[in-house]
Amino acid sequence: MSRKAAPLDYLSRWPLRLWLVLVAIFLYAPLFTLIAFSFNDSRRNIVWQGLTLDWYGAVFNDTDLLTAFGNSLTIAAISTVVSLILGAMVAVACWRFRFPLKPAFEGALALPIVVPEICMGVAMLVFFSRVMPWPDDLPWPFSLGAIIIAHISFSFPFVAVIVRARLASFNRELEEAAKDLGASEWRAFMDVLVPHMKPALIAGALLAFTLSLDDFVITFFTAGPDTVTFPVKVYSMVRFSVTPEVNAASTLLIVVTVLLTAIGLKMQGKDVGKMEGGQ
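Residues 1 to 279, numbered by UniProt numbering, are exactly what the sequence shown covers, in order.
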């Protein structure tokens, strides 16, 4: 005798299972297709002729592509660190303090999130070409400064939003108890508040890194002639044709992103487990 599905037991209903399968196919089929064709032993991407690893060898032998990938990783790493610190400070300030024009400040903080990316790109182009021209003859990685500043400007609000949401569940009595036991403001912040924020900090860092690594529009407007990033380089390759080399390069970027996400989720799981165990 089959068990009748409870009202909230959604996965026991076959239409919902079918819907989840269809959504998963819709989301992931293009990615798996791209990965599969990165092993295609044919110069023409639409014709399958067998398996090969030659295109990955071509990627690792392409100096310009590796340089662009190194630029993207450098930009993403620096902008993530700065965005994480700045976003956490802004989140704590908005959560803890009251100050004049606070609603206006919080609204302005959300602008980089809601403003179309093309508008941000044009704004950055005007800023770095007219208001604060960025020198073109700086050594690496200072030559990437304009792109890094642009990425920080749209990344740190995401970190601030995530950390602010996490702080909403913080019990302020824990911080007060730490101060009653002799902890200074700094020790109470580092030993009580930061551990509570840690899962949000990890999530914010992953989001900031991913946003920076795969950004194209804003980077396209702010990049100089000698500061090509990975998405811009791939775009220049795609303009001629989508070859298996492009698929291989995109697959490597997907692998890097998935590995970083998995590491971040594992770290989050350990932190949540420690917090639950401590309780």
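Where is the CB? At the ideal position from N, CA and C, for every residue including glycine.
Residue range of the alpha helix (DSSP H) that includes Ser169: Careful: Ser169 lies outside any alpha helix (DSSP H) and carries neither H nor E.
7 Å Cβ shell around Glu117 - same chain, five flanking residues per side excluded: Val217, Ile218, listed in sequence order.
Closest Cα partner of Thr63 within the set Leu265, Ala249, Val255: It is Ala249.
C-beta atoms of Ser38 and Gln49 nearer than 8 Å: No.
Opposing strand residues paired with Asn40 [DSSP bridges]: In the DSSP assignment, Asn40 forms a beta bridge with Leu51.
Beta-carbon proximity list for Leu53, same chain, < 8 Å, skipping 5 on both sides: Counting only Cβ-Cβ distances below 8 Å, and skipping sequence neighbours, we find Phe39.
Three-state secondary structure (DSSP) of Asp64: Helix.
Three-state class that DSSP yields for Trp134 in the structure shown: In this structure, Trp134 counts as coil in the three-state DSSP scheme.
Reference Ala76; option with closest CA among Leu265, Glu245, Asp215, Thr222: Selected option, being the one with the closest Cα: Asp215.
Met120, buried or exposed, once every other Cβ within 10 Å from all chains shown has been counted against 16: Per the 10 Å Cβ criterion, buried.
Collapsed DSSP secondary structure at Gly87 in the structure displayed: Residue state, collapsed to three classes: helix.
As assigned by DSSP and simplified to three states, the class of Phe97: In the structure shown, Phe97 sits in coil (DSSP, three-state: anything other than H, G, I, E or B).
CB-CB length for Glu175 against Val192, believed under 8 Å: Taking a contact as a CB-CB distance under 8 Å, the pair Glu175 and Val192 counts as one, their CB atoms being some 5 Å apart.
DSSP three-state assignment for Pro139, whether helix, strand or coil: Three-state result, Pro139: coil.
Residues of its chain near Leu125, where Cβ-Cβ distance is below 8 Å and the 5 sequence neighbours each way are ignored: Closer than 8 Å at the Cβ level, and outside the excluded window around Leu125, lie Phe221, Thr222.
Beta-carbon contacts of Gly204 that lie in its chain and below 7 Å, excluding the five residues immediately before and after: Only Leu84, Gly87, Phe158, Val159, Ile162, Val163 meet the Cβ criterion.
Residue from Leu201, Phe128, Leu27 whose Cα sits closest to the Cα of Val82: Of the candidates Leu201, Phe128, Leu27, the one whose C-alpha sits nearest the C-alpha of Val82 is Leu201.
Residue range of the unbroken alpha helix (DSSP H) whose run includes Met120: For Met120, the enclosing alpha helix (DSSP H) has its first and last residue at 117 to 126.
Residue 299 vs Leu34 beta-carbon contact at 8 Å: With the chain covering 1 to 279 only, the question about residue 299 has no answer from this structure.
Min CB distance Ala200 to chain D below 8 Å: Looking for chain D here will not work: only one protein chain is present.
Beta-carbon spacing of Arg166, Met197 below 8 Å: A contact, by the Cβ cut-off of 8 Å.
Distance, Gly145 Cα to Val122 Cα: Their backbone Cα atoms lie some 17 Å apart in a straight line.
Candidates Ser79, Thr227, Trp95, of which the one nearest Ser143 by Cα: The candidate whose alpha carbon is nearest that of Ser143 is Thr227.
Arg239 in three-state terms, based on DSSP: In the structure shown, the three-state DSSP call for Arg239 is coil.
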